[in-house]
Amino acid sequence: MHIRYSSTYGSTKAYAQELAARLGADALDTTHPIPADGPVIVLGPVHGPKMPALQYVDRHQLQHRKLAVVAVGMTDPVIAAEKDQMRHHLPEHVARFYVPGRLFYSELSHKHLNIMRSVVALLKAKPLKSAAEKALIAGFGKDIDHTDLAALDPIVRWAEQT
Ligand SMILES: Cc1cc2nc3c(=O)[nH]c(=O)nc-3n(C[C@H](O)[C@H](O)[C@H](O)COP(=O)(O)O)c2cc1C
Numbered sequence: 078m079h080i081r082y083s084s085t086y087g088s089t090k091a092y093a094q095e096l097a098a099r100l101g102a103d104a105l106d107t108t109h110p111i112p113a114d115g116p117v118i119v120l121g122p123v124h125g126p127k128m129p130a131l132q133y134v135d136r137h138q139l140q141h142r143k144l145a146v147v148a149v150g151m152t153d154p155v156i157a158a159e160k161d162q163m164r165h166h167l168p169e170h171v172a173r174f175y176v177p178g179r180l181f182y183s184e185l186s187h188k189h190l191n192i193m194r195s196v197v198a199l200l201k202a203k204p205l206k207s208a209a210e211k212a213l214i215a216g217f218g219k220d221i222d223h224t225d226l227a228a229l230d231p232i233v234r235w236a237e238q239t
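To convert, take the position in the sequence shown, counting from 1, and add 77; that gives my numbering.
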């Protein structure tokens with residue numbers, strides 16, 4: 078099993094390392110290429126419509142391999158799985174998982190803080206807000222950690238069956 082991750086603030090890295098420990102594999106960041114054979118798990122944060130894990134999959138043409146992609150985000154994972162934003166980017170056989178992340182405003186770069194400020198301002202002006210949007214507004218400026226290593230259990234099961 079090959080595990081690759083992209084992580085700006087460390088929460089995805091923590092998931093990748095725990096997953097690697099549980100599977101007896103190595104977790105390397107996405108600056109590393111991937112061997113030609115064997116199943117792959119790619120993890121990355123959700124940044125709005127952008128997901129570095131999907132960019133890695135495209136760059137290395139992993140779509141046709143035995144593959145699982147793990148999105149780490151602040152949206153409630155049940156809601157994220159219903160929305161399933163990776164669905165249209167990946168062939169049906171690819172396993173998609175959504176796990177809860179960590180967002181510490183106290184450590185955000187200026188660029189990311191400005192993005193979040195704009196997103197929250199836009200959402201505040203929206204008349205009808207979803208539960209996820211309300212949570213994003215309420216969390217603005219706070220340090221919130223929803224990391225839950227038990228969220229890796231279904232991914233471990235997928236890997237063991239692969
Ligand atoms: C600029 C920015 C945009 C984000 N957009 C989303 C989003 O659209 N949906 C979501 O669920 N989480 C979003 N997040 C939360 C991150 O996905 C979450 O904090 C993740 O755990 C970060 O992973 P990392 O610690 O490995 O960098 C965003 C975070 C940042 C900084």
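For every residue, glycine included, the Cβ atom is placed at its ideal position computed from N, Cα and C.
Between Met163 and Ile118, the gap from beta carbon to beta carbon reaches 9 Å or more. Distance from Thr152 to Ala198 at the Cβ level is roughly 19 Å; contact not present, criterion being Cβ atoms closer than 8 Å. Relative to ligand 1, the beta carbon of Gly101 is positioned no closer than 8 Å to any heavy atom. If you check the C-beta of Val155 against ligand 1, you find no heavy atom less than 8 Å away. In the three-state reduction of the DSSP assignment, Lys127 falls in the strand class.
Taking the Cβ of Gly178 as the reference point, at least one heavy atom of ligand 1 falls within a distance shorter than 8 Å. Closest option to Pro126, judged by alpha-carbon separation, among Glu237, Arg81, His166 and Arg194: His166. For Ala113, there is no enclosing alpha helix (DSSP H), since its DSSP letter is neither H nor E. In the three-state DSSP reduction, Pro231 falls in the helix class (H, G or I). Classified as exposed, Thr108 has fewer than 16 neighbouring CB atoms from the shown chains inside 10 Å of its CB. DSSP, reduced to helix, strand and coil, places Leu139 outside both helices and strands of the structure shown, so it counts as coil.
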